[in-house]
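**Q** For reference, the structure I am asking about is given below.
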Amino acid sequence: MIPRLLIFSIFFLGYSALSSAQITKVCIQSIDIIGHKKTNTALIENELNISVGDSIPLEVLMPTLEQNQRFLVNTLLFNQVTVKIAKWEGQAVHILIVLKESWYIFPLPQFELADRNFNVWWTRHHRDIRRANLGMWLIWRNLTGFNDLVKVIVQFGYTRKFELDYTLPPMGRKRKFGFNVNALYSDNKEWAYNTLDNKLVFYTNFDIPERQFQRIRGGLTGYYRRTLFETQRLGLTFLQLSIGDSIVAYNPDFFLDQRKTQRSFNLKYTYTLDKRDLQVYPLNGFYFEATLEKQGLGIFKDINQLQLTANFNYYLQIWKFLSVSTKLKGRYSFIRSKVPYYNNQALGFEENLVRGYQYYVINGQDYLLFQTDINFKVLDTKIPLFKKFPVNYLQALPLKIHLRYHIDFGYVWDRFYAQGNQLSNTDLIGTGIGVDFIFYSYNIIVQFEYTFNKSGEKGLYLRYRFNF
């Protein structure tokens with residue numbers, strides 16, 4: 112999503128003539144919404160937890176309006192949200208919501224590194240440009256006015272990928288159901304067939320046409336939103352994975368029993384409770400998610416796994432510029448028989464890592480991860496760009512800078528592939544400092560971290576995230 116200028120204004124008219132002794136509650140007489148053209152009005156109304164006729168205690172009026180402002184911001188549909196008490200008549204208030212819609216269609220050229228993070232590509236693979244992906248994304252949000260999202264991805268390079276994805280999310284109190292449908296094809300000439308010293312070992316041959324790894328996926332997921340904060344998802348996915356002869360020769364346990372193909376129907380249920388202030392960069396509130404996934408439903412018998420993954424994140428804003436957070440995540444595998452190497456991933460991928468071990472992959476069946484951060488905002492400003500440019504988003508660059516201190520703990524239990532990987536079945540500790548550069552109201556986040564681990568290894572790491 113392109114920039115979202117978060118503006119929240121509340122004007123109390125005639126408040127000086129009233130005292131808390133005279134009025135303890137106010138009644139919402141009307142809610143007027145203006146400024147939206149594409150977005151359905153009913154969707155906006157359903158996203159609020161207030162409606163005409165509600166009686167609200169005077170002392171919680173401001174927090175209630177502030178909360179509803181965040182609800183509209185988190186839809187990612189608007190660049191600007193203004194909430195006003197437009198008129199106050201005795202015990203009756205008239206609320207006005209002024210919106211400025213975002214731009215919803217993005218044809219985005221894509222250039223991304225295929226490795227787990229920038230440092231692995233830069234150091235381990237010596238900045239090999241062949242390990243990059245080049246392509247085009249078409250992102251169309253709010254296609255029908257109900258915050259639905261279409262994604263079309265055409266990608267070449269290290270990973271050749273074609274993907275189509277459509278999501279109609281459940282929005283607000285009345286529209287409780289939504290769905291997602293996804294189809295994907297991808298392949299690679301190179302793939303990691305093993306892990307040694309907690310580093311991925313690749314089979315590489317860019318000179319032959321044979322693809323070493325191929326993935327075909329199709330899935331349908333249903334959403335149920337019981338309240339504004341709770342969402343449940345149930346998804347059924349078909350997945351077919353194929354590998355080349357060379358990978359089978361190097362690692363017969365890649366899919367177990369020298370298989371070249373793994374086919375499965377997978378069933379996944381996820382429960383989410385989200386009370387964060389801002390989803391993309393939270394500073395206050397909490398988040399809970401639990402996922403129960405069954406891989407293999409007995410049709411193809413290539414895999415049989417049942418896993419429970421849960422995480423709880425807590426954020427506390429101590430004062431305007433200072434906040435702390437803790438994150439606890441774990442996974443447990445109920446079926447204790449040997450798993451294929453491919454399905455044995457644990458820590459070291461994306462956000463699932465102990466900071467300080469960015470160069471390493473720690474595989475296993477079960478894991479526990481604890482992360483804590485102290486976050487201090489040092490700058491919140493706008494940098495002038497092209498003042499007279501007709502596009503508002505290029506007139507100024509919103510910039511926030513946050514400093515962070517973190518300490519992480521992790522542990523991975525591996526019963527089958529720990530030999531030669533000394534970081535499995537041992538405690539992992541990392542700590543360090545970081546600085547976050549946040550552009551365009553959290554659309555682009557660039558993070559630099561200087562970290563240490565318990566082995567004394569240290570380094571400067573780069574991470575980035577795009578929230579569109």
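Numbering (my numbering) for the sequence shown: 112 to 579. Where is the CB? At the ideal position from N, CA and C, for every residue including glycine.
1) So, at 7 angstroms on beta carbons, what are the nonlocal neighbours of residue 131 in its own chain, with the 5 sequence-adjacent residues on each side left out?
2) Counting only beta-carbon separations shorter than 8 angstroms, does residue 430 have a partner in chain C?
3) Am I right that residue 470 and residue 235 are in contact with their C-beta atoms under 8 angstroms? What's the rounded C-beta distance?
4) Would you identify the three-state DSSP class for residue 214, choosing helix, strand or coil?
5) Buried or exposed for residue 336, please, with buried defined as at least 16 other CB atoms from any protein chain shown within 10 angstroms of its CB.
6) Relative to the C-alpha of residue 521, which candidate in 531, 511 and 542 has its C-alpha closest?
7) Based on the DSSP secondary-structure assignment, which residues constitute the bridge partners of residue 329?
8) Hey, out of 317, 578, 418 and 386, whose CA is closest to residue 179's CA?
9) On the three-pair Cβ rule with 8 angstroms, is the segment 377–394 touching the segment 308–320?
10) Apply the 10 Å Cβ neighbour rule to residue 134 and answer buried if 16 or more other Cβ atoms are within range, or exposed otherwise.
11) Give every residue of the same chain whose Cβ lies closer than 6 angstroms to the Cβ of residue 482, excluding the five residues on either side of it in the sequence, and list them in chain order.
12) Using 8 angstroms as the cut-off, can you tell me whether the segment 208–217 makes contact with the segment 132–151, which would need three or more C-beta pairs spanning the two stretches below that distance?
13) Report all residues from its chain with a CB closer than 6 angstroms to the CB of residue 465; omit the five preceding and five following residues, and keep chain order.
14) For residue 138, tell me which candidate among 161, 526, 239 and 515 has the shortest Cα-Cα distance.
15) Just to confirm, does residue 187 get its C-beta within under 7 angstroms of one of the non-hydrogen atoms of the ligand ZN?
16) Along the beta strand (DSSP E) that carries residue 471, what are the first and last residues, could you check?
17) Put residue 576 into one of helix, strand or coil per three-state DSSP.
18) Determine the burial state of residue 457: buried for a count of at least 16 other Cβ atoms within 10 Å of its Cβ, exposed for fewer.
19) Given this structure, state the Cα-to-Cα distance separating residue 407 from residue 393, to the nearest angstrom.
20) Keeping to the same chain, check which residues put their C-beta closer than 7 angstroms to that of residue 415; ignore five residues upstream and five downstream.
21) Compare the C-alpha of residue 426 against each of 419, 434 and 420 and name the closest.
22) Quickly, what does DSSP pair residue 200 with across the bridge? List them, please.
23) Please report how far the alpha carbon of residue 653 lies from the alpha carbon of residue 530, in whole angstroms.
24) If you compare alpha carbons, which of 343, 366 and 341 is closest to residue 353?
25) Could you tell me which residues DSSP puts in a beta bridge with residue 447?
26) Since residue 362 and residue 323 are thought to touch, with beta carbons under 8 angstroms apart, how far apart are those beta carbons, to the nearest angstrom?
**A** Judging by the given coordinates:
1) Translated into the one-based positions of the sequence shown, residue 131 becomes position 20. Residue placement at residue 131 cannot be trusted, given a pLDDT of 43 that sits under 50; the coordinates are not used to answer.
2) Given the protein chain composition of this structure (a single chain), no chain C is represented.
3) Taking the first residue of the sequence shown as position 1, residue 470 is located at position 359. Taking the first residue of the sequence shown as position 1, residue 235 is located at position 124. Right, the Cβ-Cβ distance comes to about 7 angstroms (below 8 angstroms), so this counts as a contact.
4) Within the sequence shown, residue 214 is the residue found at index 103, counting from 1. Note: residue 214 maps to coil in three-state DSSP.
5) Here residue 336 refers to the residue found at position 225 of the sequence shown. By the neighbour-count rule (16 or more Cβ atoms within 10 Å), residue 336 is buried.
6) For the purposes of this step, residue 521 is taken as the residue at position 410 of the sequence shown. Selected option, being the one with the closest Cα: 542.
7) Here the question's residue 329 lines up with position 218 in the sequence shown. Answer by DSSP bridge pairing, in chain order: 294 and 349.
8) In the sequence shown, counting from the first residue as 1, residue 179 sits at position 68. It is 386 whose Cα lies nearest to the Cα of residue 179.
9) no
10) The residue labelled residue 134 in the question sits at position 23 within the sequence shown. Exposed is the call here.
11) By one-based count along the sequence shown, residue 482 stands at place 371. The residues are 438 and 519.
12) yes
13) Walking along the sequence shown from the start, residue 465 turns up at place 354. For residue 465, where only same-chain residues beyond five positions count, the Cβ hits under 6 angstroms are 519, 521, 539 and 541.
14) Residue 138 sits at position 27 when you count from the first residue of the sequence shown. Checking every option, the nearest Cα to that of residue 138 belongs to 161.
15) Here there are no bound small molecules, and the ligand ZN is not part of this structure.
16) Along the sequence shown, one-based indexing puts residue 471 at 360. That residue, residue 471, is in no beta strand (DSSP E); it is neither H nor E in DSSP.
17) Here residue 576 is taken as the residue at index 465 of the sequence shown, counted from 1. Strand.
18) Counting from one through the sequence shown, the residue named residue 457 turns up at place 346. That one is buried.
19) Residue numbering aside, residue 407 sits at position 296 when the sequence shown is read from its first letter. Residue numbering aside, residue 393 sits at position 282 when the sequence shown is read from its first letter. Approximately 36 angstroms, taken between the alpha carbons.
20) Here residue 415 refers to the residue found at position 304 of the sequence shown. Once the five neighbours on either side are set aside, the close Cβ partners of residue 415 are 407 and 446.
21) For this step, residue 426 is matched to residue 315 along the sequence shown. Closest option to residue 426, Cα to Cα, is 434.
22) Residue mapping note: residue 200 aligns to position 89 of the sequence shown, counting from 1. In the DSSP output, where bridge partners are listed per residue, residue 200 has 203.
23) In the structure displayed, the chain extends from 112 to 579; residue 653 sits before or after that span and is not available.
24) If you number the sequence shown from 1, residue 353 lands on position 242. Among 343, 366 and 341, the Cα nearest to that of residue 353 belongs to 366.
25) If you number the sequence shown from 1, residue 447 lands on position 336. In DSSP, residue 447 forms no bridge with anything.
26) Taking the sequence shown and counting its residues from 1, the one referred to as residue 362 is at position 251. Taking the sequence shown and counting its residues from 1, the one referred to as residue 323 is at position 212. Not really, about 12 angstroms apart at Cβ, beyond 8 angstroms.
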